[in-house]
Every structure is written in C-alpha cells, then in structure tokens.
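Note sheet for the following structure.
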Amino acid sequence: MHLILFFIFAGCALAGAVNLLLQSHPINSALSLIVVMISLAVLYLLLGAEFLAIAQIIVYAGAVMVLFTFVVMLLNAGREERTRGSRAALALGFPAAVAIVAIIATVILRAQGLSTAGVQQGITSTAELSRVLFHGLLLPFEITSVLILIAILGAVALARQGNGDGERKAGK
Amino acid sequence: MTILEFFLWSLLKVVVVTVVLLLAVSYTVLLERKVVGRIQNRWGPSRVGPFGLLQTLVDGAKLFLKEDLTPIGVYKPLYLLAPIIALACSLISIAVVPFGAPDVGGPGINLFQIANVNIALLIILGVTSVSVYGVALAGWSSNNKYSLLGALRSSAQMISYELALGLSLVGVVLRAGTFNLRNIVEQQAAKGFLTWNVFGGLQILAFFIYLTAAYAETNRSPFDLPEAESELTGGYHTEYSSMKFAMFFMAEYGNMITVSCVATLLFLGGWTSPFANLHWFPATHNPVLLAFASLFWFVLKVFFFLFLYIWVRGTLPRFRYDQLMNFGWRVLMPLAILNIVGTSLWLAYR
Chain X
214 MHLILFFIFA
224 GCALAGAVNL
234 LLQSHPINSA
244 LSLIVVMISL
254 AVLYLLLGAE
264 FLAIAQIIVY
274 AGAVMVLFTF
284 VVMLLNAGRE
294 ERTRGSRAAL
304 ALGFPAAVAI
314 VAIIATVILR
324 AQGLSTAGVQ
334 QGITSTAELS
344 RVLFHGLLLP
354 FEITSVLILI
364 AILGAVALAR
374 QGNGDGERKA
384 GK
Chain D
1151 MTILEFFLWS
1161 LLKVVVVTVV
1171 LLLAVSYTVL
1181 LERKVVGRIQ
1191 NRWGPSRVGP
1201 FGLLQTLVDG
1211 AKLFLKEDLT
1221 PIGVYKPLYL
1231 LAPIIALACS
1241 LISIAVVPFG
1251 APDVGGPGIN
1261 LFQIANVNIA
1271 LLIILGVTSV
1281 SVYGVALAGW
1291 SSNNKYSLLG
1301 ALRSSAQMIS
1311 YELALGLSLV
1321 GVVLRAGTFN
1331 LRNIVEQQAA
1341 KGFLTWNVFG
1351 GLQILAFFIY
1361 LTAAYAETNR
1371 SPFDLPEAES
1381 ELTGGYHTEY
1391 SSMKFAMFFM
1401 AEYGNMITVS
1411 CVATLLFLGG
1421 WTSPFANLHW
1431 FPATHNPVLL
1441 AFASLFWFVL
1451 KVFFFLFLYI
1461 WVRGTLPRFR
1471 YDQLMNFGWR
1481 VLMPLAILNI
1491 VGTSLWLAYR
C-alpha cells in the first residue's frame, strides 16, 4: 500500500520536475513546481512526518509559489526565447546535471544506515516535534527567526531605496 | 478491518458526503436568495415548486444547457484548469470534518467522518492556501483586465487574511493541545455551552477574528471586492460561462460551508449538545437517537453560520480596498497575536 503510493507520488514529483524544465512558458513551470511540492508533501507523509508534510503545502505550495505566480503574472513574462547563450547553457548544462546527479547518487549509496529508514515506521506527532524544537533546539530556532527578521527588514529597506518619493506616497 | 473493507467504507462515505455537500451547496444558494429577498422586502424565488424549492434544480439545468463560450484570447490550458482547482479545493476540506458522534457504527468505521487525521485543522488551512490558485489562474488566463484586477485583489486579500485566520485558531489549538478536530470538540463537550471555546474557553475574540477573516477568505460580502460588480463587472470569473462559471459559484458556496463547519467545530462545540450540563434536559442512551441528535446539533450550528453569512451580505456595504488591507493588517493581525499571548499567559498561570 505504502509502496504503491510512494511510486505514484515519486513519479508525480519526477514528472513535475522534468515538466518544469521542458515548459517554455514561465507560468507552466511555476505550476509544475507546485505539483513537485505537493508530491513531496505526500512523500513526507508516507515517512510519518505529518507536520512537515502539511507545512510543506502551506508554506511552499501555498505561500512561496503564490508569490512566484504573482511575479510571473504581474511582469507578464512571455515565452522563453532560444538564443545562442541558452543553447550554450543547454550544451553545458546537461553534462553538468548528469555529473551532479552521479555525485549525489554515489554519496547516498555509500552512506551508512540510510537504507534502514523505511516507510510505515509510525508517525512523529506534532507534539513530539515541537518538544524537540522548543526544548533541545530552542536557541538555533530563535536565532533562525531573528535571521529571517533581518532578511525581511533588508528587503523592505531595499524596496524603499528604489524611488525617493515612494515613501511619502506610501505614508499618505 | 481489512484493506478492502476500508476502501469500500471510505468510498461509500466519500460518495454520500459529496452528494450531501453538493445538495447543501445548491440549497444554500436558494436560502441566500430567499433571505436576501426578505431583507430587501421582496419574496425571492417562489414560482418553481412549492416555495420555490425546485429553483436550484432549474438553475442547474439552465447552467448545464447554456452554450459554453471560450473567448479567443484566453490561455486555454489554465483557463480550463482554474475552475477545476477552485471546485476541488472547496470540496476536499470536508473530508476531515467530523459531523457527528464518533462512537456510531462500530470500531474503525467512523460513520460521520471520512478521515480522522491528527493534522485535520492544518489540512483545512493548507487546502485553503492552495485554493488561491483557482482564482489567480482564472483571472490571469482570461486575458481580460477586469478578470486580472479581480484575481489580483482576490489573491492579495486571501493571502493577507489567511494570516489572521491562522493566528486566530492558535488560541483554540493551545487550549486543546491538538490539531485533531475530534479531540478539539471532545475537549469542549464537558458542560454543554458553558465549556464551548467561544464562552467558557474565553476565545470570543478569536471567534470574531476567525469569522471576519473567513468572510474575507471566501470573498464574501462585505469583503467581496474581487467580484465587485460596480467596478469589475464579474471579477475573476467575467469570462466564464455555463458550467465553468457554475463551478466557481459552487466553489464559493462550498467554501462557505467548510468555514461554517470549522467555526462550529472549533468554537461552538461541534456535534455536542449545548444543554449537556442541564439535568432537566431529556437525555437518551439509545445509540440511534444519540447519532441523530449529534447530527441535528451539528447541522443546526452550521445552518446558523450560513444564515449569518447571508444576513451580513444583506445588511453591510462593501469595504473600500485600502480599508480592507488596513483592517486586515493593522487591526485583525495584532488582535489575533494579542489573543495568542493572552491565551498562553492564562494557560501558563492556571
């Protein structure tokens, strides 16, 4: 049962990822990425990480990708054009991608103990997860949140710098 | 229970629940037309069938038989996909909603809930966050300025109010200590309406934040800017006709029902009776009667919320766009955070 679901959604994830590369229209690529995100969420669920799965959907499929599609819609990005540069990237990109996949695959196959992580090993409840997160890892968690806050402030500062009188208009 | 039994039971429940939900959707439309009619001092539909009860069937037939226009300029794949996303997202969330008492029908069968999962509340929020795509893609792929404006407004509104909506539920989750909807209901059941989250749980602020944010989330009046007729003709569904339009329409009412179910479960004690604490109130131990009583209370509470939706639509004027954004970010968000802090302090003190 778990195995069937795994193959279905792993297939969906792979198909979405390949489609993302093949599509020439940016909005189709963005939608393929959403398919990948949701399939990954199901794979997390199969591993018993229910909170991670739903966080993947809410944060990535729901929030991040909405911003992606927003940008595509607002900029009205057209179809991708084939130029000499893009052909060169294609020629270099495929061998490079194959090399990277080969390296990652060898590392994973060499690694010890990975094969024991199977499906169907019980569910990690949200309570257990939060206990680890807010007891053992409290300091890294807080530092990460401060880091994100700094990133947000930086983004706001950069956006305001662009046009001088934008601030006055926004304040009104 | 074997896997085959599980599949058959699930299939049966899915079919029954979907049919009931679609019927509820069509009769919510009729209810809205009747109630808004009475508010505006007219009868509403009254010709087809007794009290106009068959009006929705006729409307459905009309939409089904209408010519299905596809404008030339649309981006076809997404134009076709958008209503499907909208309707699917609005129908999925009901799968985790428990409608009645769990101990009916024997162990493992769970007659009144399709799937009892630990993260039910988060699943509903997740589906809501994905449903933005239906509206956004519809507006963009229609290649029409009104549609695009409507879709942009709608997406911005849904993203902004989703935060307040999610934060308003944290107080309830803190009190219950779980995301499982059934456990959240059972935690409120002890003393009837005195222990409901909205009264005894002191979550009344969260309740109002949730309702307001949910109205905005479902694009309903007074936050129905995405389809403000006077400015945008039809908003994101301007270019849709026939069944594709009907799918958006059904999605909107399906979302209303989901929101009402969640409000019932989280704040009004779900399927439990409000009078469980009163000894003179007749109590029964007959399992069949108990099952029907739980269904009755649940449907009654959901009906109350649906009526409230329509009442608000009939009486309040539409917000202006800047008012909407200010209200969401500067009023609802801080209030929701205040509620979380207050609830946490209270729980820590107790």
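Heads up: the sequence lines are chains X and D, in that order.
Note that the first sequence covers residues 214 to 385 in the numbering used here.
Note that the second sequence covers residues 1151 to 1500 in the numbering used here.
All C-beta atoms, glycine included, are put in the ideal place defined by N, C-alpha and C.
Can you look up A262/X in the DSSP assignment and give me helix, strand or coil? In this structure, A262/X counts as strand in the three-state DSSP scheme.
Anything in chain X within Cβ reach of F1329/D, meaning under 7 angstroms, just list it in chain order. T339
Beta-carbon proximity check, T1368/D vs E1312/D, cutoff 8 angstroms: Cβ distance not < 8 angstroms, so T1368/D and E1312/D don't count as in contact.
Given that a residue counts as buried once 16 or more other Cβ atoms are within 10 Å of its Cβ, and exposed if not, what is M214/X? With fewer than 16 Cβ atoms within 10 Å of its Cβ, M214/X is classed as exposed.
Neighbour list for L1228/D in chain X, Cβ cutoff strictly below 9 angstroms: I240, N241 and L244
Could you check which residue in L1171/D, T1152/D and L1154/D has the C-alpha nearest to that of V1452/D? It is L1171/D whose Cα lies nearest to the Cα of V1452/D.
Note down the Cα distance separating F1455/D from T1178/D, rounded to an integer number of angstroms. Roughly 11 angstroms separates the two Cα atoms.
With N1347/D and V1320/D assumed to form a contact (beta carbons below 8 angstroms), what rounded beta-carbon distance in angstroms separates them? Incorrect: roughly 12 angstroms between the Cβ atoms, too far for contact.
Which same chain residues, not among the five before or five after F1398/D, have their C-beta less than 6 angstroms away from its C-beta? P1233, A1236 and H1387.
State the CB to CB distance for the pair Y1225/D and N1293/D, rounded to an integer number of angstroms; the pair is presumed to be in contact (CB under 8 angstroms). The distance from the Cβ of Y1225/D to that of N1293/D is about 7 angstroms, consistent with a contact at the 8 angstroms cut-off.
Put T1465/D into one of helix, strand or coil per three-state DSSP. DSSP, read as helix, strand or coil, puts T1465/D in helix.
Given a limit of 7 angstroms on CB to CB distance, which residues of the region 1285 to 1308 of chain D reach chain X? A1286, W1290 and S1305
At a Cβ threshold of 8 angstroms, is V279/X touching chain D? yes
Reduced DSSP category for T296/X - H, G, I as helix; E, B as strand; rest coil: coil
Quick check on this structure: which residue in P1248/D, F1343/D and V1282/D has the alpha carbon closest to the alpha carbon of F1266/D? The question names Phe, yet the displayed sequence has Asn at residue 1266/D. When only C-alpha atoms are compared, the closest one is P1248/D.
Anything in chain X within Cβ reach of G1276/D, meaning under 7 angstroms, just list it in chain order. I267, I270, I271 and G275
Measuring only between beta-carbons, confirm whether N1369/D sits less than 8 angstroms from chain X. no
Where V1282/D meets chain X, residues with beta-carbon distance less than 8 angstroms: G275 and V279
At what residues does the alpha helix (DSSP H) containing Y1311/D begin and finish? K1295 to A1326
Relative to the C-alpha of F1446/D, which candidate in K1163/D, I1460/D, R1470/D and T1414/D has its C-alpha closest? T1414/D
Take the Cβ of A310/X as the centre, count every other Cβ of all protein chains shown within 10 Å, and call the residue buried at 16 or more, exposed below. Exposed is the call here.
Does any residue of chain X bring its CB to less than 8 angstroms from the CB of S1310/D? no
Would you identify the three-state DSSP class for T1220/D, choosing helix, strand or coil? coil
Cβ neighbour criterion (16 or more within 10 Å) applied to Y1499/D: exposed
Straight-line gap, A1486/D to F347/X (C-alpha atoms, nearest Å): 22 angstroms
Spell out the partners DSSP gives T337/X in its beta bridges. A262/X
Nearest-angstrom Cα distance between R1183/D and L351/X? Straight across, the Cα-Cα distance linking R1183/D with L351/X is about 53 angstroms.
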